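Worksheet: the structure to be examined is printed underneath.
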Amino acid sequence: LTPARVVRALASAKIFVFCSAWLVALVIVGTLAQASIGLYQAQERYFSSWFLWLGPVPLPLGGRLTLTIVFVNLLAMFLRPETWRLDRIGLKVTHLGALLLLFGGFLTAYFSREGNMVIPEGETTDYVSSYRDLELAVIDSTDPAFDEVVAFPQGRLHRGRELADEAVPMEMEVLAFYRNCDTVRRSTPPDEDAREFARRFELKGVPPDTEDGNRGGLTVRVSGTGGDGDGIYTIVEFMSSPPVVATSQGPRTLILRRARNYLPFALELIDFEKQLHPGTQMARSYQSVVNVVEDGTKRRTVIRMNEPLRHRGYTFYQSSFMEGGGSETTVLAVVKNYGRVFPYVSSLVMCLGLLVHLVSMVPGLIASPARGGRR
Amino acid sequence: LNRLSCALLALSLMWMAPGTAAAAPRAVENLPVQNEGRIKPLDTFARVHLLAFYGKRSLRDVSPVDWLLELGVAPERAHERAVFTLRNPEVVEALGLPARDRRHYSFDEIRVGLQEHLDEISAIHRKPREETTLVERQLSEVYTNAIRYLQIERSWSCLAPRFPVDDPDLAGLLGVEPGRPAAYVHLMLHLDEIQERLTAANEKPEEEWTEADHEVVHLAQEMRVLQADSGSDVLRVIAPTPGGNGDEWHAPWSLLESPHGLDAADREAMLRWADLLAAWGAGDEVHEERVAMELSTSMADAPHADPRRLAIESWYNRADLFYKSLAFYVLSFLLLAFSWLGKQRLLRRLAFVALLIGIVPHVGGMVLRMVIMGRPPVSTLYESVIFVGMIGAIGGAWVEWARRDGLGIFLGSVSGAVLHFLGIGYAADGDTLGMLVAVLNSNFWLATHVVTITIGYGCSLVAGLAGHWYLVRRVGWPREAAKLDDVARNMRGLTLVAVFFTLFGTILGGIWADQSWGRFWGWDPKENGALLIVLWQLLLLHGVLTGMMRSVTFAAGLVFNNVIVALAWFGVNLLNVGLHTYGFTEQIAWNLTIFCGVEMLFVLVMVPLAWRRAPQGRAAAGERR
Chain A
1 LTPARVVRAL
11 ASAKIFVFCS
21 AWLVALVIVG
31 TLAQASIGLY
41 QAQERYFSSW
51 FLWLGPVPLP
61 LGGRLTLTIV
71 FVNLLAMFLR
81 PETWRLDRIG
91 LKVTHLGALL
101 LLFGGFLTAY
111 FSREGNMVIP
121 EGETTDYVSS
131 YRDLELAVID
141 STDPAFDEVV
151 AFPQGRLHRG
161 RELADEAVPM
171 EMEVLAFYRN
181 CDTVRRSTPP
191 DEDAREFARR
201 FELKGVPPDT
211 EDGNRGGLTV
221 RVSGTGGDGD
231 GIYTIVEFMS
241 SPPVVATSQG
251 PRTLILRRAR
261 NYLPFALELI
271 DFEKQLHPGT
281 QMARSYQSVV
291 NVVEDGTKRR
301 TVIRMNEPLR
311 HRGYTFYQSS
321 FMEGGGSETT
331 VLAVVKNYGR
341 VFPYVSSLVM
351 CLGLLVHLVS
361 MVPGLIASPA
371 RGGRR
Chain B
1001 LNRLSCALLA
1011 LSLMWMAPGT
1021 AAAAPRAVEN
1031 LPVQNEGRIK
1041 PLDTFARVHL
1051 LAFYGKRSLR
1061 DVSPVDWLLE
1071 LGVAPERAHE
1081 RAVFTLRNPE
1091 VVEALGLPAR
1101 DRRHYSFDEI
1111 RVGLQEHLDE
1121 ISAIHRKPRE
1131 ETTLVERQLS
1141 EVYTNAIRYL
1151 QIERSWSCLA
1161 PRFPVDDPDL
1171 AGLLGVEPGR
1181 PAAYVHLMLH
1191 LDEIQERLTA
1201 ANEKPEEEWT
1211 EADHEVVHLA
1221 QEMRVLQADS
1231 GSDVLRVIAP
1241 TPGGNGDEWH
1251 APWSLLESPH
1261 GLDAADREAM
1271 LRWADLLAAW
1281 GAGDEVHEER
1291 VAMELSTSMA
1301 DAPHADPRRL
1311 AIESWYNRAD
1321 LFYKSLAFYV
1331 LSFLLLAFSW
1341 LGKQRLLRRL
1351 AFVALLIGIV
1361 PHVGGMVLRM
1371 VIMGRPPVST
1381 LYESVIFVGM
1391 IGAIGGAWVE
1401 WARRDGLGIF
1411 LGSVSGAVLH
1421 FLGIGYAADG
1431 DTLGMLVAVL
1441 NSNFWLATHV
1451 VTITIGYGCS
1461 LVAGLAGHWY
1471 LVRRVGWPRE
1481 AAKLDDVARN
1491 MRGLTLVAVF
1501 FTLFGTILGG
1511 IWADQSWGRF
1521 WGWDPKENGA
1531 LLIVLWQLLL
1541 LHGVLTGMMR
1551 SVTFAAGLVF
1561 NNVIVALAWF
1571 GVNLLNVGLH
1581 TYGFTEQIAW
1591 NLTIFCGVEM
1601 LFVLVMVPLA
1611 WRRAPQGRAA
1621 AGERR
């Protein structure tokens, strides 16, 4: 078992044949599954996964693992100098492009950040909200000039976890957390420590929504407030009046919301414009006129469909909008992606490689032998 | 032979030029109207509505625009014209109409039928759509069509010559010749004077009224009756005021009812339109043409109303280029089929010429559509069908050029003809030159992505057809091993070309997505469909490379590739998730199922047969390896 042999085995095109056949199956199943479980979950389950989970049992070869094998397979191919032949240079270049594409895919999968930014007309926003992850924010509004916020990310909201922070004058223990839940009127008498909302309602976990219609819910036991705030609190997403806990250092509001990622600058929405095709209800274009607010200066710019704003590594795309009450609110998709350049480079490389290969091979494969075709 | 080809070429070109038999094109056909979000010639407007009512874009004995004008000027005559087609005999029965072979009915007939069943129809409208039966849906469609028909008629009514004026004094005031009818718009523009005369008449006892008084009173009554039409604003034929805000065109009635009144340009345009309708009603073709030209010039500066572009669109409508192209593809295939019976060389050459001739109007139609809409060739599903057919035909011609043995003719004529048939099915939905939703607005990456991927679809279909050809030959003529080997090489070559385009089309799609909404790949069903094609083709190529697949498996894989292409192309719309689902009809789902079923059956039957017949002869050694 020499290294050369290992490389040779790893570089076998047969590995790719099996992997691509497996990918075909994965893509079919993963696409059909979207009709019932929605795009995001299908993506998590089949494509972004290392293993396919059958209940608690991990089965081999989720999408990510399969692509990793293909990557190793390709890499091994480049480690075999004996396969470098001038007449096959086009193919080599094409495979190099594929290698780059996969590498870029890994960068994107692990290092890209995305979310959205919601700005009502005339207002300014300086954070990006996560598409899916939640956070528990403990807000101290005693100073009228600004709110002091301590946020606990979704990763820490597990049953039995203690949530504590120096800046928060209390301890919390997670009693229940649901990514999607219904609130139902209590059928049993509440725990005697239950406060406010938790006295009348309880949470019932439900499976995640196929679209993005999830509503998170959290029940915590608060202690050590030093005031009379100790007790059990229930918090759900989009709550109109979130619970306020009285502590020795003043009231603290508990909010369950989309995790926020603050930017080193802010966007102010000056105007949102929507155009329809004349005489119809069909959208022709949307655009947001915004100010980029940074270090006290403002720079005016327009974000349109297909014409995003790029600033400090972040890209802002016109994604959606909300109307109502006479004012408009724009929704921008925000992405920071380090692997962004790879598809561009790799498509160029593959294009060149395949073109060279096609020009040298295809005429011979098509023409009849009598007319100069290959035998 | 060359003489024969030339003769065929000349004959076909003569047949292809439109309007040789029909009358010369008229300016009125090119007049702009705003409909479904774009400015189109009146001809398109008339044809789209005929398509909805009659099921075809033109009528037998009257041009589409004449039908449209007749509806405004001589509604009584128009109502007797059989322009409604009831496709389902059960609908005919439900409306209590007499059974007829072609099931063409006039508006008068339909109206009576509908009036007697209004309760039923309103009951259907109250039901949720899923609970309605086919007949009920069709019945409600007939009702909607009849309403639409009336709206068009009523949109004209303020411009149509409806009020005969005999009093020379009054006629002079209105600007019409005595004895000739005036339109509502003439009366409205002189409403104050008419009001004065009416008041004067009313102050006198009725027995003292002159002829002129009687006429004014009568006119006033008629005007009041016509006022009921004022909500009809289907025909937006008046350009917005230059420099004004908005690019919405106006219907004549909505201008008359507008609180701001008419400005000079609107007034002039309305009077010209009234003049045009009067000329049409009087059968004065020369005057009609002159007024239409004036109207066209006066609106030429409005955005998107370039008269040349409108004229091109009317020409495109009349020319029916894709039908002609289809005819030649079918001819080409028939000639090829006959060439297998005898007279091989001659018939095959003629078939090749027919294929080439068919490509000319195919490409021409595609180019005209680009000129008319000012956008890349493929933006809608319909356009993708036509474009893929074109790629298939051109690819086939290229293969034939390189081989001269009929394979290319087979590939080109079959893919071209089949996709034309499919396109005709799509075109039955309405105006094929539709506007696009915001996300599909023109963009460099989108255009290159769509064009590349559709070329990829086309090449894939050609390669798939080559797979069919291989299996058929292998089963039917297993002794011709050298030829089989030849086709096997061709399959690999075509697959390489196909993978080039599908691969780049897919990556470019990712780049478009990255440019437009910030992510390169999102495992969206349409993206997955494209990826599936690429993976499948890569699998086939690497399978052959490693020796894991032989030619029969490869050919079967290519046939199955057709199924994957069809599913990725049309089937994705069945899933109803993701960004890419635009427009789908039940018919397509059915056709798709049949297509996939037939292809699978083909594979299931042919592959075992092919395996049993090992090729013989010189090249067989290579095949067995």
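Chains as they are written, first to last, in my numbering: chain A, 1 to 375; chain B, 1001 to 1625. C-beta atoms are modelled at their ideal positions from N, C-alpha and C, and glycine is treated no differently. Because the structure is a prediction, the values reported are computed rather than measured.
Close-in-space but distant-in-sequence residues of the same chain around residue i (CB under 7 angstroms, 5 per side omitted)
i: residue 1201 (chain B); result: 1209, 1213, 1216 and 1217
i: residue 1420 (chain B); result: 1322, 1325, 1326, 1329 and 1389
i: residue 152 (chain A); result: 135, 136 and 163
i: residue 1108 (chain B); result: 1079 and 1080
i: residue 1431 (chain B); result: 1036, 1044 and 1048
i: residue 1627 (chain B); result: This structure does not reach residue 1627 (chain B), given that chain B is present from 1001 up to 1625, and the question cannot be answered.
i: residue 377 (chain A); result: A query on residue 377 (chain A) cannot be resolved here, the shown segment of chain A reaching from 1 to 375 and no further.
CB of residue i within 7 angstroms of CB of residue j, strictly
i: residue 1358 (chain B); j: residue 1384 (chain B); result: no
i: residue 193 (chain A); j: residue 255 (chain A); result: no
i: residue 104 (chain A); j: residue 342 (chain A); result: yes
i: residue 1229 (chain B); j: residue 1140 (chain B); result: no
i: residue 128 (chain A); j: residue 261 (chain A); result: yes
i: residue 1610 (chain B); j: residue 1474 (chain B); result: yes
i: residue 1387 (chain B); j: residue 1377 (chain B); result: yes
i: residue 1511 (chain B); j: residue 1469 (chain B); result: no
i: residue 1345 (chain B); j: residue 1406 (chain B); result: no
i: residue 338 (chain A); j: residue 107 (chain A); result: yes
i: residue 1556 (chain B); j: residue 1499 (chain B); result: no
Short CB-CB distance (under 7 angstroms) between residue i and chain E
i: residue 1525 (chain B); result: Going by chain labels, chain E is absent from the structure shown, which instead holds the protein chains A and B.
Contact set for residue i: own chain, Cβ-Cβ below 8 angstroms, skip 5 residues either direction
i: residue 1222 (chain B); result: 1162 and 1163
i: residue 355 (chain A); result: 90
i: residue 1028 (chain B); result: 1042, 1065, 1069, 1276, 1280, 1288, 1289 and 1292
i: residue 1181 (chain B); result: 1161, 1162, 1163, 1164, 1165, 1278 and 1281
i: residue 159 (chain A); result: 174, 175, 176 and 177
i: residue 1091 (chain B); result: 1135, 1138, 1139 and 1142
i: residue 1521 (chain B); result: 1510, 1513 and 1527
Pick from the options that is closest to residue i, judged by C-alpha positions
i: residue 361 (chain A); options: B:1241, B:1559, B:1495 and B:1304; result: B:1495
i: residue 1220 (chain B); options: B:1010, B:1235, B:1199 and B:1239; result: B:1199
i: residue 109 (chain A); options: A:6, A:366, A:81 and A:63; result: A:63
Sequence-distant residues of the same chain with beta carbon closer than 6 angstroms to residue i, five excluded per side
i: residue 170 (chain A); result: 222, 224, 225 and 247
i: residue 1020 (chain B); result: Note that residue 1020 (chain B) scores 45 on pLDDT, short of 50, meaning its location in the model is unreliable and no value can be drawn from it.
i: residue 1563 (chain B); result: 1596 and 1599
i: residue 363 (chain A); result: none
i: residue 148 (chain A); result: 140
Decide yes or no for the touch test of the region 1519–1537 of chain B against the region 1555–1570 of chain B: beta carbon pairs closer than 8 angstroms, at least 3 of them.
-> yes
Pairing CB atoms from the region 1282–1299 of chain B with CB atoms from the region 1253–1263 of chain B, are three or more of them under 8 angstroms?
-> no
Three or more beta-carbon pairs under 8 angstroms between the region 51–66 of chain A and the region 1528–1546 of chain B, yes or no?
-> no
Is there contact between the region 260–268 of chain A and the region 300–314 of chain A, where contact requires at least three CB pairs shorter than 8 angstroms?
-> yes
Going along the region 275–306 of chain A in order, which residues come within less than 7 angstroms of chain B, judged by CB to CB distance?
-> 277, 278, 279, 280, 282, 283, 284, 285, 286, 305 and 306
Could you run through the region 20–52 of chain A and flag, in chain order, every residue whose CB is less than 9 angstroms away from some CB of chain B?
-> 20, 21, 23, 24, 27, 28, 30, 31, 32, 34, 35, 38, 39, 42, 43, 46, 47 and 48
Say whether the region 185–203 of chain A touches the region 230–249 of chain A, bearing in mind that this needs 3 or more beta-carbon pairs closer than 8 angstroms, one atom from each stretch.
-> yes
Mind checking the region 1503–1531 of chain B against chain A and listing, in chain order, the residues whose C-beta falls within less than 8 angstroms of any C-beta there?
-> 1503, 1504, 1507, 1508, 1510, 1511, 1514, 1515, 1516, 1517, 1518, 1519, 1520, 1521, 1522, 1523, 1524, 1525, 1528, 1529 and 1531
For the region 112–142 of chain A, enumerate the residues whose C-beta is nearer than 9 angstroms to any C-beta of chain B, in chain order.
-> 112 and 114
Do the region 82–93 of chain A and the region 14–22 of chain A meet, that is, are 3 or more Cβ pairs less than 8 angstroms apart?
-> no
Taking any Cβ of chain B, which residues in the region 340–352 of chain A have a Cβ under 8 angstroms from it, in chain order?
-> 340, 343, 344, 346, 347, 350 and 351
Could you tell me whether the region 204–212 of chain A touches the region 277–289 of chain A, where touching means 3 or more Cβ pairs closer than 8 angstroms?
-> no
Spell out a yes or no on whether the region 1344–1359 of chain B and the region 1422–1436 of chain B are touching, meaning 3 or more CB-CB pairs, one atom from each, closer than 8 angstroms.
-> no
Residues of the region 1224–1256 of chain B with a CB closer than 8 angstroms to any CB of chain A: list them in chain order, please.
-> 1236, 1246, 1247, 1248 and 1249
If you measure beta-carbon to beta-carbon, which residues of the region 3–21 of chain A are closer than 7 angstroms to chain B?
-> 13, 14, 16, 17, 20 and 21
Looking at C-beta atoms only, is the number of pairs between the region 1102–1113 of chain B and the region 1166–1173 of chain B that lie closer than 8 angstroms three or more?
-> no
Residues, ordered as in the chain, of the region 1030–1048 of chain B that lie near chain A by beta-carbon distance below 8 angstroms | 1034, 1035, 1036, 1037 and 1038
Pairing CB atoms from the region 1119–1134 of chain B with CB atoms from the region 1230–1250 of chain B, are three or more of them under 8 angstroms?
-> no
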